[in-house]
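Engineer: Quick one: the structure is below, questions incoming.
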Amino acid sequence: MAADSTFKLTYATMHNPPEELHTNFESALAKIRANLGKEHGMIIDGKEVFTAEKYEDRNPANFDEVLAVFQKGTPKEAALAVEAAKRAFPKWRKTPWQERIKLIRKAADIMSERIFEMGVAMALEVGKNRTEALGDVAETADLMRYACDRMEASNGFYAEMGTDPLMGFNSTNVSVLKPYGVWVVISPFNFPGALTGGPTGEALVTGNTVIMKPATDTTWTARLIAECLRDAGVPDGVFNFISGPGSSIGQAVLDNPDVAGLTFTGSFDVGMKIFRDWGSRNYVRPTILELGGKNPAVVSRNANLEDAAVGIMRSAFGLQGQKCSACSRVFVEQPLYAQLVDRLAELTNKINIGDPTQRENWMGPVINKGSYRDYQQFSEDLSQHGTIVTGGKVLTNDAYAHGYFCSPTIVTDLPESHGLWKQEMFVPIVTIAPVPSLEDGMRRANDVSYGLTAGFYGSQDEAEWFFDNIEAGVTYANRPQGATTGAWPGFQPFGGWKGSGSSGKNAGGFYYLQLYMHEQINNRVIRG
Ligand code: NDP
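Residue numbers are given in the numbering used here: position 12 of the sequence shown equals residue 13, and the series is strictly consecutive.
Take a look at the structure:
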């Protein structure tokens, strides 16, 4: 963006960005498209590391297009990365926090300068539309800045406590939060910016050294984040970027006894496996798990129909239903039910689907063949047990033949006992049911093991009742920008309850940075 622009891109403002955002994105797209297919190393101890086996990062909108080539890391590189991070820790932890935040702020500024290049890479590898991709890069930089701001506002988490009332002694107490050591960041495919760069920034600012292991499908964005850290001058070994399958190199990193802490963002099943594995180690390490969701919207008979329909459509189908915060269940009070289903279907049928780097397309492809098949299987199951109001089919004509495109799908008449009311699908499918009362909507909304986000449409009083009773970490009322989606550091910190998250604290909020440090009390006694 031009330096004098007052526009700030966030998930709330992305729906009507200024023209300059489009022209900048298009010129970055042309530049990057002319130079695709480059091979990238891992970055371990500041060095580019290459392995015998490689893998291709392909465009899910056109799987014939190889975007970049990455190293298929093995347990050997996992061990090298842990050694490098361990070696770098003593010096980094002693680096004054003021110096650390200077470096991380510089990395965030470099990221902001590269926002269009990084946004294009992300749009291509994830299949995100341009504003979603740029929003993710902007959020990454802001998460890093917010971590710096909290460190500063908290005086580096150094606090003088009470002086002991001891006759003949001066006995003072200080509380100080200190880093743990080598911190691993494992991130999912859907927000490869914010969910790799955010925890990395938080761990670095607090004095830990980091190993970043992104999802195989979206390694490119993480590599570009690592380059921002490198170019900002973050010392060798303080951050390390590795690539390769989670089940081999990821698992090997986590099995290494020198790893002190972890931020894992991804599916419930993988997160719980890691949690159980770590439970059998010699002592408990901090394990921040940010897991899946099954996010409900509850709609009262008093709701503004248009706001509800627009908000649900955006949250159910934005990023093809592959946001952890995607709206996947809707409970509507009976009097508004038929109208809401009709209006939602009308809006859904107007969605432009196609290459997400093109301005006119709002929905792109799902991430890979596995998700494409999941969508087909869920659609088949739902067509047998419920009614498909719209969608239910993959898109196969010429424009879509080389990508994983699925039509946005609305399902009604699904029995309450059907398993897909409770299972995260992570594809563009929303199920919707009438409820006799708001209490019944609330009962069903809470009747899952997840508790990430939730949305409500209705009167102000009803919204307060909703906030009071809903079991979720991020909640929204009467929001046409998205029924269940939206997060921003310092505005809407993001995290889940129940099976959606382990810490009970939200990233980008007041209480999150402390999770990356343990407390030490220093009691100093002087006689006299
Ligand atoms: P996965 O759980 O499949 O993968 C997440 C990461 O874990 C990837 O980097 C993966 O690597 C890695 N991994 C897989 N197995 C292991 C292992 N044994 N040891 C170490 N690492 C491993 O999730 P997805 O990438 O499919 O992401 C979607 C999921 O993430 C959804 O459930 C979504 O709800 C959740 N999510 C939660 C968020 C939150 O804030 N609560 C935010 C965003 C997403 P590889 O790719 O190589 O397999």
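Virtual Cβ for every residue (Gly too), placed ideally from N, Cα, C.
Note that the coordinates shown come from a computational prediction; the quantities given were computed from them, not determined experimentally.
Cβ of residue 329 versus every heavy atom of the ligand NDP: is any distance shorter than 7 Å?
Structural biologist: Position 328 of the sequence shown, counted from the start, is the residue given in the question as residue 329. Checking the Cβ of residue 329 against the ligand NDP gives no.
Engineer: When the Cα atoms are used, what is the spatial distance from residue 202 to residue 381?
Structural biologist: Mapped onto the sequence shown, residue 202 falls at position 201. Mapped onto the sequence shown, residue 381 falls at position 380. Roughly 43 Å separates the two Cα atoms.
Engineer: Could you have a look at residue 160 and say whether DSSP puts it in helix, strand or coil?
Structural biologist: On the sequence shown, position 159 is the one that residue 160 refers to. Strand, per DSSP.
Engineer: So does residue 20 have its beta carbon nearer than 7 Å to some heavy atom of the ligand NDP?
Structural biologist: Residue numbering aside, residue 20 sits at position 19 when the sequence shown is read from its first letter. False, no ligand heavy atom lies under 7 Å from that Cβ.
Engineer: When the Cβ atoms of the region 249 to 264 are set against those of the region 160 to 177, are three or more pairs found closer than 8 Å?
Structural biologist: The answer is no - the region 160 to 177 does not touch the region 249 to 264, with fewer than three Cβ pairs under 8 Å.
Engineer: Give me the residue from 32, 474, 190 and 472 with the minimum Cα distance to residue 324.
Structural biologist: Looking up residue 324 in the sequence shown gives position 323. Nearest C-alpha to residue 324: 190.
Engineer: Using 7 Å as the cut-off, classify the Cβ of residue 407 as near or not near the heavy atoms of the ligand NDP, replying yes or no.
Structural biologist: Sequence index remark: in the sequence shown, residue 407 carries index 406 (1-based). No, the ligand NDP has no heavy atom inside 7 Å of this Cβ.
Engineer: How would you label residue 192, buried or exposed, when you count the other beta carbons within 10 angstroms and need 16 or more for buried?
Structural biologist: For the purposes of this step, residue 192 is taken as residue 191 along the sequence shown, with counting starting at 1. Looking at its Cβ environment, which holds 16 or more other Cβ atoms inside 10 Å, residue 192 is buried.
Engineer: Does DSSP classify residue 383 as helix, strand or coil?
Structural biologist: The residue given as residue 383 occupies position 382 in the sequence shown. It is helical.
Engineer: When you compare each of 56, 444 and 265 to residue 330 by their alpha carbons, which one comes out closest?
Structural biologist: As a working mapping, residue 330 is identified with position 329 in the sequence shown. Here the closest residue by C-alpha is 444.
Engineer: Do residue 180 and residue 156 have their CB atoms nearer than 8 Å?
Structural biologist: Start at 1 with the first residue of the sequence shown, and residue 180 comes out as number 179. Start at 1 with the first residue of the sequence shown, and residue 156 comes out as number 155. Cβ atoms of residue 180 and residue 156: not closer than 8 Å.
Engineer: Is the Cβ-Cβ distance between residue 55 and residue 73 less than 8 Å?
Structural biologist: Residue numbering aside, residue 55 sits at position 54 when the sequence shown is read from its first letter. Residue numbering aside, residue 73 sits at position 72 when the sequence shown is read from its first letter. In contact: residue 55 and residue 73 (Cβ atoms closer than 8 Å).
Engineer: Under the three-state reduction of DSSP, which class applies to residue 515: helix, strand or coil?
Structural biologist: Numbered from 1 along the sequence shown, position 514 holds the residue referred to as residue 515. If DSSP states are grouped into helix, strand and coil, residue 515 belongs with the helices.
Engineer: Would residue 522 be called buried (16 or more neighbouring beta carbons within 10 Å of its own) or exposed?
Structural biologist: On the sequence shown, residue 522 is found 521 positions in, with the first residue counted as 1. Result: exposed.
Engineer: What is the residue span of the alpha helix (DSSP H) that residue 226 lies within?
Structural biologist: The residue you call residue 226 lines up with position 225 of the sequence shown. Unbroken alpha helix (DSSP H) run through residue 226: 220 to 233.
Engineer: State yes or no: is the C-beta of residue 191 nearer than 7 Å to some heavy atom of the ligand NDP?
Structural biologist: Taking the sequence shown and counting its residues from 1, the one referred to as residue 191 is at position 190. Within the cutoff, so yes.
Engineer: What did DSSP end up calling residue 75 once you bin it into helix, strand or coil?
Structural biologist: Working through the sequence shown from its first residue, we reach residue 75 at position 74. Three-state DSSP puts residue 75 in coil, outside helix and strand.
Engineer: To the nearest angstrom, how far is the alpha carbon of residue 20 from that of residue 116?
Structural biologist: The sequence position of residue 20 within the sequence shown is 19, counting from 1. The sequence position of residue 116 within the sequence shown is 115, counting from 1. If I take the Cα positions, the gap works out to 16 Å.
Engineer: Which same chain residues end up closer than 6 Å to residue 392 when comparing Cβ atoms and leaving out the 5 residues on each side of it in sequence?
Structural biologist: As a working note, residue 392 is residue 391 in the sequence shown. Excluding sequence neighbours, residue 392 sits near 408, 409 and 410.
Engineer: In terms of alpha-carbon separation, which member of 340, 347, 421 and 12 lies closest to residue 379?
Structural biologist: To locate residue 379, count along the sequence shown from 1; it is residue 378. Considering only alpha carbons, the answer is 421.
Engineer: Does the separation of the CB atoms of residue 149 and residue 111 fall below 8 Å?
Structural biologist: Here residue 149 refers to the residue found at position 148 when the sequence shown is read from its first residue. Here residue 111 refers to the residue found at position 110 when the sequence shown is read from its first residue. Result no, Cβ atoms of residue 149 and residue 111 do not sit closer than 8 Å.
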